[in-house]
Structure formats: structure tokens, C-alpha cells
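Under numbering that gives the first Met the number 0, read the sequence shown as residues 0 to 154, first letter to last. Ideal placement from N, C-alpha and C gives every residue a C-beta, glycine not left out.
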Amino acid sequence: MSFEKTSALVEESIRGLGVDPAACRGQKPGQWSIIYKGATVWFDVFNFPNNPDRWYFQVMSPLLVVPDKNLENFFRDLLEINHSLYGSWICKKNDWTYVMFLREADGLDQGEVNATVDRVAFYSSDWQGKLKFKFEGSWLPKSGQGGTDSADGPK
């Protein structure tokens, strides 16, 4: 599926949520960012330079920054949570954890795009609250944030 067709599916999904897709486009073509179900959700349509004809569809939401303490229990919980997720997963990149979904764009349809954004947003919002509560005190306060811990989201 082409960049244009995949992007049109994403924009139709965003429009269906009552948001103007033009208002949430990112800095590069194929990027959008919305707040849905209390979660920040990023859409990406992209390819790789070594295979320019194959496009990918990704939806991801920042979950939590990696805690300063209780790492083993935190990551064990994430692995167990992953077993209960459908059509998405939790991953770690650098100092952050995310709920995400990634697949080739070929064969993608509107129903799958809509269901994916719904799942990723729900899981991110739901698990963020539960994990912040369970691991309260595992994030050290960061200076300059008025006592707010670093689990609150990317700045």
C-alpha cells in the first residue's frame, strides 16, 4: 500500500475521532499526534531508504519513563501485562516505555486502523494509571518540575 493510501486511512481515523487531521500533523509527512482516551497517541507512516516501496504503519503511546527504583519488579510486571494485551505490546526504548503497534501497510484497512488506535490509547491510559499507583515512589523527583516526578510523560 502506498504512502498516500495509508496516510488517508490514518487521517480518516483521526477525523472519525472528531479531530482535524491537519491540526495534528507532525513536522514530517506521515506523522500525527493526538490525545485520545487520556493518552498521547502518535501515528507514523514510514518506509526505509533501502526498501522505499514498502510502507509501515505504526501507532504508539508513551507509557512511563523507566523508574529509578524497583526496576526488576517493574519490568516483570510489563512482561506479564504484555501477555494480556491484544494487537499491541509494551516496549522500551532508551529511558521510556511505550504501548505500540507496528505492521506493514499492505492490506491495512480502515477497521484495523480504528481498532488499533482505540487499543493503544486504552491500554496506555489504563496501564499508566495502574503502574503509577503500584510503583508510586519509584520515580525520584526531578528538579525544576515543582515536585512532579518523571513518570508524568515526555517533556
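Asked                                                                                          : Found
Under the three-state DSSP convention, the category Leu139 falls into                          : coil
Met59 beta carbon less than 7 Å from that of Trp88                                             : no
Limits of the alpha helix (DSSP H) - the one that Tyr122 falls within                          : Gln109 to Lys133
Whole alpha helix (DSSP H) elements within the segment 49-93, 4-residue minimum                : 70-83
For Gly136 and Pro48, the rounded distance between their alpha carbons                         : 43 Å
Assigned secondary structure, Leu8 (DSSP; H/G/I helix, E/B strand, else coil)                  : helix
When Leu77, Leu101 and Glu3 are compared against Phe134, the one with the closest alpha-carbon : Leu77
Distance between Val65 and Ala22 (C-alpha atoms, nearest Å)                                    : 30 Å
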